[in-house]
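Visitor: My structure is below; once you've seen it, I'll send some questions.
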Amino acid sequence: MATVEKMPMLQAGYDKLSGQLRELKAERPLIVDAIEEARAHGDLSENAEYHAAKERQGQVEATIADLEDKLSRAQIIDPTTLSGDRIVFGATVTLLDEDDKPIRYQIVGQAEADAKLGMISYNSPLGRALIGREVGDEVEVSVPSGDKFYLVDKIEFI
404 MATVEKMPML QAGYDKLSGQ LRELKAERPL IVDAIEEARA HGDLSENAEY
454 HAAKERQGQV EATIADLEDK LSRAQIIDPT TLSGDRIVFG ATVTLLDEDD
504 KPIRYQIVGQ AEADAKLGMI SYNSPLGRAL IGREVGDEVE VSVPSGDKFY
554 LVDKIEFI
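Just so you know, this note's numbering puts 551 at position 148 of the sequence shown, and the rest follows in order with no gaps.
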């Protein structure tokens, strides 16, 4: 029997995916209306509006299925309930780069990762390198631009 892998995420990530799902489900009737309207224009073989609406319907249905799958496998983790001296999912980590410049990241799920906002996936190269580390550990990460070195300066559960 196949096991269903849980997908860890923060409450904010779960809420974001739920919101996207609600929006797409609300769009379904509009797409059906667009298809009906395009059908009324006659010959479907050369009807660009019809083909565009059918294509959008396919995209929306695929995205809905993907979101429903992610939400059904979601394992919501509240970082404020965590503690310890090792980096785990949900931890907020302050790193010092090679120039001793502090960089702050929170380890999150794939669905909510956004490096610009300081949220990196636990599955990213840096996320994988950080999991299990402690304050004072040196971390080396291979990225497309070359190897990066960091020092774990602080671990918080906020």
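Yeah, the Cβ is synthetic: ideal placement off N, Cα and C, and Gly gets one too.
Bear in mind that the values here come from a model prediction, so they are computed numbers and not experimental data.
(1) Shortest alpha-carbon distance to S545 belongs to which of Y553, R425 and A494?
(2) Quick one: what's got a C-beta closer than 8 angstroms to D550's C-beta in the same chain, skipping five residues either side?
(3) Run the CB neighbour count on P432, radius 10 Å, all protein chains shown included, and call it buried at 16 or more, exposed below.
(4) Is it right to say I523 is buried, meaning 16 or more other beta carbons lie within 10 angstroms of its own, or is it exposed?
(5) Output yes or no for whether 8 angstroms exceeds the beta carbon distance between E471 and L413.
(6) Which of helix, strand or coil does DSSP assign to Y525?
(7) Across which residues does DSSP place E471 in a beta bridge pair?
(8) Looking only at C-alpha atoms, which of P528, N526 and I510 sits nearest to L520?
(9) Is there contact between the region 470–486 and the region 436–446, where contact requires at least three CB pairs shorter than 8 angstroms?
(10) Between which residues of its own chain and V538 is the CB-CB distance below 8 angstroms, once the five residues before and five after are set aside?
(11) Inspect the beta-carbon positions of I561 and T484 and report whether they are closer than 8 angstroms.
(12) If distances are taken between C-alpha atoms only, which option among I506, K457, K409 and E541 comes closest to A437?
(13) Quick one: what's got a C-beta closer than 7 angstroms to I506's C-beta in the same chain, skipping five residues either side?
Guide: Answer, in terms of the structure:
(1) Y553
(2) E543 and V544
(3) Exposed.
(4) By the neighbour-count rule (16 or more Cβ atoms within 10 Å), I523 is buried.
(5) no
(6) Of the three classes helix, strand and coil, the one that applies to Y525 here is coil, per DSSP.
(7) Paired residue(s): none; E471 is not in a bridge.
(8) Answer by Cα proximity: I510.
(9) no
(10) D488, V555, D556, K557 and I558
(11) no
(12) K457
(13) L498 and D500
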